[in-house]
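Number of protein chains: 2
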Amino acid sequence: MSRTSSAPARPATAVDPFTMKPSLNTLPATELAAQATAGAITCEQVVRECLDRVAAREPVIKAWAYIDPDLVLRQAKAIDARANRGPLHGVPIGIKDVIETADMPTQMGSSIYRGYQTLSDASCVAVLRAAGALIFGKTVTCEFAGPAANVTTNPHDPTRTPGGSSSGSGAAVADYMVPFGFGTQTGGSVQRPSSYCGIVGFKPSFGLINPQGVKPAAESLDTVGLMVRTVEDAELFMRVLTGSEPVRWLSGDTRIRVGLCRTYAWDGAEEATRQAVEDAARRLEKAGFTVRDVELPSPCETLPTTREIINDFERARGMAWEWNTHRDQISAALAKAIRNGLTIPRAQYIEALETVERCRQRTAQLFNDVDVLLTPTVNGEAPVGLANTGDHRFQSIWTQLRTPAVTLPTHAGPNGMPVGIQLIGPRYGDDRLLAIAQRVFALLGRGPMIKL
Amino acid sequence: MSRTSSAPARPATAVDPFTMKPSLNTLPATELAAQATAGAITCEQVVRECLDRVAAREPVIKAWAYIDPDLVLRQAKAIDARANRGPLHGVPIGIKDVIETADMPTQMGSSIYRGYQTLSDASCVAVLRAAGALIFGKTVTCEFAGPAANVTTNPHDPTRTPGGSSSGSGAAVADYMVPFGFGTQTGGSVQRPSSYCGIVGFKPSFGLINPQGVKPAAESLDTVGLMVRTVEDAELFMRVLTGSEPVRWLSGDTRIRVGLCRTYAWDGAEEATRQAVEDAARRLEKAGFTVRDVELPSPCETLPTTREIINDFERARGMAWEWNTHRDQISAALAKAIRNGLTIPRAQYIEALETVERCRQRTAQLFNDVDVLLTPTVNGEAPVGLANTGDHRFQSIWTQLRTPAVTLPTHAGPNGMPVGIQLIGPRYGDDRLLAIAQRVFALLGRGPMIKL
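Sequences listed follow chains A and B, in order. UniProt numbering numbers the first residue of the first sequence as 1 and each following residue consecutively. UniProt numbering numbers the first residue of the second sequence as 1 and each following residue consecutively.
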């Protein structure tokens with residue numbers, strides 16, 4: 001394993017890694033907001049470069065379900081004219097197309113909702129808009145944030161999937177079109193595309209980001225998540241979204257105890273995933289972290305089963321209207337889940353909920369001995385082809401456990417595609433997890449991805 | 001205390017208790033569905049009598065935010081023409097106006113949403129519609145299911161509040177306009193109007209009825225509930241809504257252990273409430289139930305505080321769009337909660353969530369020794385005046401604990417107004433709770449309410 005520049009670079013400066021020209025669209029949100037607030041740049045300048053980037057790359061990437069350049073420029077001028085400047089002043093953001101926006105349609109990746117315009121913004125959109133963010137457009141989602149692939153390609157290799165269901169947000173952020181995209185995760189829909197696209201994905205503790213105005217997939221699992229390029233950006237957006245205090249970053253000599261948690265899915269992972277996690281563990285140990293092996297407690301081995309029961313039961317009921325009135329417009333893959341959900345007895349659903357609750361309580365105790373778990377994000381590199389968005393086995397563990405999870409684009413697999421590592425904190429330990437992730441990414445994420 | 005006929009009667013036969021004429025609008029849903037399925041009555045006949053009832057009483061009761069008689073009759077004829085007959089065949093139902101309907105506006109009790117038409121039905125509406133129910137109209141809600149009173153009056157005394165926030169559903173069901181209304185409960189918005197209006201209110205375990213398409217008030221507390229006139233009707237609707245098996249009713253010799261749970265709010269209750277609960281306990285004991293006193297475990301005494309923190313924190317974020325764009329159209333009472341919510345630190349919110357979770361785990365253990373808790377529903381009779389919809393102290397305990405709760409209109413207070421008693425089961429013990437409630441109501445609810 002060696003560091004090599006053949007993998008896609010992550011620029012620390014404002015240089016477009018593809019065109020090698022200075023460019024505002026490559027800057028993270030923290031930097032854009034700081035410069036715009038200081039008057040060094042205008043929001044209009046920023047979005048013009050983002051729009052240029054989209055114009056150049058969108059024919060291949062297909063990250064956007066809706067962009068109106070005139071609306072983007074009008075918003076930018078209005079933001080530039082404002083006297084008061086919020087913490088996200090002038091930052092353009094992408095909104096997954098299952099999240100409602102008052103000024104652009106929400107089409108759910110489904111012909112059933114073609115052109116559908118809601119009255120209001122979702123809570124998470126309204127909060128960011130009020131903080132100065134610019135709603136740049138709607139990003140492509142898999143149909144109702146479900147299993148059926150959509151048209152988006154992977155910016156690192158357009159013959160490969162970007163992952164799903166937050167496909168457009170993953171690709172748009174990775175391709176330097178915008179610094180931030182909202183995702184939603186019910187199985188692995190934030191973390192998987194983040195890993196496949198080589199960006200930072202943050203799934204907060206269940207419930208911390210208000211879900212009002214987000215189309216439910218399975219309401220006891222659905223979690224709004226952040227797709228960004230730096231841990232500092234994840235921190236900034238979480239602070240704004242939940243009204244919290246700034247995270248206290250850790251000094252270099254903070255002792256961090258890592259639990260290396262391979263999980264029951266380890267043997268099914270590709271070599272690249274196993275090497276990435278073990279390489280990360282070795283490097284962290286060398287940097288002074290303590291690392292020990294940790295096992296998921298019983299009955300966590302049942303989580304693949306409980307996820308299917310809970311997801312399908314809730315999905316079938318949450319989509320009752322679509323199923324009853326527009327069944328012919330629902331994909332075969334989603335219809336299968338709904339049909340399965342309709343056959344699950346309520347008692348079996350309740351039993352699954354109670355089993356997962358036991359898993360949550362027991363897993364919480366792991367954090368008596370470690371500060372953070374290190375675990376795979378995904379099975380491996382993004383698969384070739386667009387039909388399969390990958391599987392959620394490594395992500396849906398933590399979705400069900402409701403813990404915060406961050407994926408970091410630290411490694412590159414044998415085909416040069418990103419392979420993330422995942423860090424997990426205890427439920428509601430989101431701030432501490434971000435602080436640890438910032439240190440880990442400073443160690444493992446400087447320069448190009450580590451080639452396996 | 002004696003039984004008297006001066007309190008409003010609950011007809012066992014199809015006789016309108018106000019006009020004393022035979023009338024289909026007084027029949028419970030179980031009976032309507034059975035007769036319509038057998039071909040003894042048509043849905044059109046049913047809704048014509050319901051519409052007559054509305055025409056006669058609505059000027060005083062003001063239960064409806066939206067009714068289109070033509071749409072009602074068109075629906076009825078379409079249902080009558082159907083070959084297949086669902087379990088709710090021909091049953092007219094009222095939908096609280098924070099719940100989305102594809103064929104009528106959802107106005108939230110707020111001028112912000114005047115005339116707002118969604119594309120789709122909420123999950124709970126779509127499921128009942130598919131089972132043969134007829135969507136009769138939208139019932140009046142307090143603004144966004146919040147604290148600000150609306151125009152509805154109490155059918156037992158129009159100078160008094162029907163309670164809130166499910167005011168219209170409570171009044172419409174009590175006034176024999178429809179046999180069923182949806183409510184939603186975040187504090188006490190199903191159980192309080194049910195008690196004030198003298199009907200059966202059922203708040204299921206949190207999460208059992210899918211919340212998709214219901215405007216959130218505070219998403220970790222919001223629970224869709226049923227407002228009906230018989231326990232059998234609650235059972236029928238729960239079965240349809242959650243796809244479960246029929247409840248096995250209990251035989252007369254089943255031994256039932258009752259925990260009499262006065263709660264920390266007991267001393268603040270009116271005499272009528274305390275007498276109703278203690279009278280119920282005595283009568284049940286006489287009928288062969290065992291009754292023992294039960295105390296809520298610590299830290300349940302903090303539930304009034306946690307409810308305010310959780311409600312206001314979530315409310316403030318869930319209504320970010322309305323707050324940021326239409327603040328002048330939000331009532332002072334709701335604005336106060338939102339303003340408070342915006343000042344609550346995230347850490348305090350998380351602490352409240354964790355405290356309530358401890359309360360849930362400890363309260364669950366009460367049910368090792370008893371089958372059901374008997375506890376007050378409300379503070380007393382419905383207050384005079386429409387400005388105050390009452391307080392949620394006795395209801396919000398169980399909303400936070402996420403247990404199923406049923407209120408039964410067993411007693412009448414000194415002014416002849418209904419005073420309910422509340423029965424509580426363990427979380428997910430909804431079926432057993434309904435079975436016990438059916439026996440209790442058969443004992444205490446036969447004939448007019450017990451005069452205190």
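Think of the CB as a built atom: it goes at the ideal place given N, C-alpha and C, for glycine as much as any other residue.
Closer than 7 Å to a non-hydrogen atom of the ligand ZN - does that hold for the CB of residue i?
| i | result |
| --- | --- |
| residue 300 of chain A | No copy of the ligand ZN occurs in the structure displayed, which carries no ligand at all. |
Which same chain residues, not among the five before or five after residue i, have their C-beta less than 8 Å away from its C-beta?
| i | result |
| --- | --- |
| residue 317 of chain B | 341 |
| residue 390 of chain A | 161, 163, 164, 188, 192, 196, 378, 379, 382 and 383 |
| residue 443 of chain A | 283, 284 and 287 |
| residue 1 of chain A | Residue placement at residue 1 of chain A cannot be trusted, given a pLDDT of 40 that sits under 50; what the coordinates show is reported in the next sentence. Counting only Cβ-Cβ distances below 8 Å, and skipping sequence neighbours, we find 275, 279, 450, 451 and 452. |
| residue 363 of chain A | 296, 297, 300, 401 and 403 |
| residue 106 of chain B | 97, 98, 99, 100, 113, 116, 117, 118, 138 and 215 |
| residue 458 of chain B | Because chain B is modelled from 1 through 452, residue 458 of chain B falls outside the range shown and cannot be assessed. |
Would you say residue i faces chain A, with C-beta separation under 8 Å as the test?
| i | result |
| --- | --- |
| residue 99 of chain B | no |
| residue 75 of chain B | no |
| residue 92 of chain B | no |
| residue 86 of chain B | no |
| residue 207 of chain B | yes |
| residue 4 of chain B | Below a pLDDT of 50, predicted positions are generally treated as unreliable, and residue 4 of chain B, at 36, falls in that range; the measurement from the model is reported next regardless. Answer no: the Cβ-Cβ gap between residue 4 of chain B and chain A never drops below 8 Å. |
| residue 346 of chain B | yes |
Which one of the options has the shortest CA to CA distance from residue i?
| i | options | result |
| --- | --- | --- |
| residue 236 of chain B | B:142, B:325, B:133 and B:199 | B:133 |
| residue 418 of chain A | A:46, A:388, A:449 and A:403 | A:449 |
| residue 339 of chain B | B:322, B:175 and B:355 | B:322 |
| residue 231 of chain A | A:38, A:30 and A:22 | A:30 |
| residue 354 of chain A | A:337, A:327 and A:307 | A:307 |
| residue 172 of chain B | B:104, B:289, B:60 and B:127 | B:60 |
| residue 432 of chain A | A:367, A:388, A:385 and A:386 | A:367 |
| residue 88 of chain A | A:345, A:264, A:33 and A:233 | A:33 |
| residue 252 of chain A | A:57, A:369, A:413 and A:438 | A:438 |
| residue 273 of chain A | A:387, A:303 and A:408 | A:408 |
| residue 125 of chain A | A:223, A:201 and A:211 | A:211 |
| residue 102 of chain A | A:91, A:138, A:218 and A:334 | A:138 |
| residue 122 of chain A | A:104, A:157 and A:227 | A:104 |
| residue 312 of chain A | A:440, A:261 and A:186 | A:186 |
| residue 320 of chain A | A:386, A:257, A:217 and A:396 | A:217 |
Just to confirm my understanding: we take residue i, look at its own chain, exclude 5 residues before and 5 after, and list those with CB closer than 6 Å. What are they?
| i | result |
| --- | --- |
| residue 269 of chain A | 376 and 379 |
| residue 5 of chain B | Reliability fails at residue 5 of chain B, whose pLDDT of 34 lies under 50, so the model's placement of it is uncertain and the value that follows must be treated cautiously. Contacts found: 448. |
| residue 331 of chain A | 143 and 148 |
Quick check: is the beta carbon of residue i nearer than 8 Å to any beta carbon in chain B?
| i | result |
| --- | --- |
| residue 25 of chain A | no |
| residue 295 of chain A | no |
| residue 331 of chain A | no |
| residue 102 of chain A | yes |
| residue 350 of chain A | yes |
| residue 339 of chain A | no |
Could you check if residue i is buried or exposed, using at least 16 other CB atoms within 10 Å of its CB as the buried criterion?
| i | result |
| --- | --- |
| residue 153 of chain B | buried |
| residue 166 of chain B | buried |
| residue 179 of chain B | buried |
| residue 75 of chain A | buried |
| residue 53 of chain B | buried |
| residue 77 of chain A | exposed |
Give me, in chain order, the residues of the same chain whose beta-carbon lies closer than 7 Å to that of residue i; leave out the 5 immediate sequence neighbours on both sides.
| i | result |
| --- | --- |
| residue 285 of chain B | 291 |
| residue 205 of chain B | 402, 403, 404, 427, 428 and 430 |
| residue 280 of chain A | 374, 410, 421 and 444 |
| residue 7 of chain B | With a pLDDT of only 33 at residue 7 of chain B, under the threshold of 50, the placement of this residue in the model should not be trusted; the figure read from the coordinates follows. Once the five neighbours on either side are set aside, the close Cβ partners of residue 7 of chain B are 412, 416, 448, 449 and 451. |
| residue 309 of chain A | 344, 348, 349 and 352 |
| residue 199 of chain B | 170, 173, 174, 227, 228, 229 and 409 |
Residues in the stretch 112-130 of chain B with C-beta within 9 Å of chain C's C-beta atoms, listed in sequence order? The structure shown contains no chain C; its protein chains are A and B.
What residues from the stretch 312-323 of chain A come within 9 Å of chain B, judged by C-beta to C-beta, listed N to C? 313, 314, 316, 317, 318, 319, 320, 321, 322 and 323
At a CB distance below 9 Å, what residues from the stretch 241-274 of chain B approach chain A? Give them in sequence order. 241, 242, 243, 244 and 245
Please identify, using Cβ separations under 7 Å, the residues of the stretch 209-233 of chain B that lie next to chain A, in order along the chain. 210, 211, 212, 216, 219 and 220
Positions along the stretch 426-442 of chain A whose CB lies within less than 7 Å of some CB in chain B: 428
Given a limit of 8 Å on CB to CB distance, which residues of the stretch 55-69 of chain B reach chain A? none
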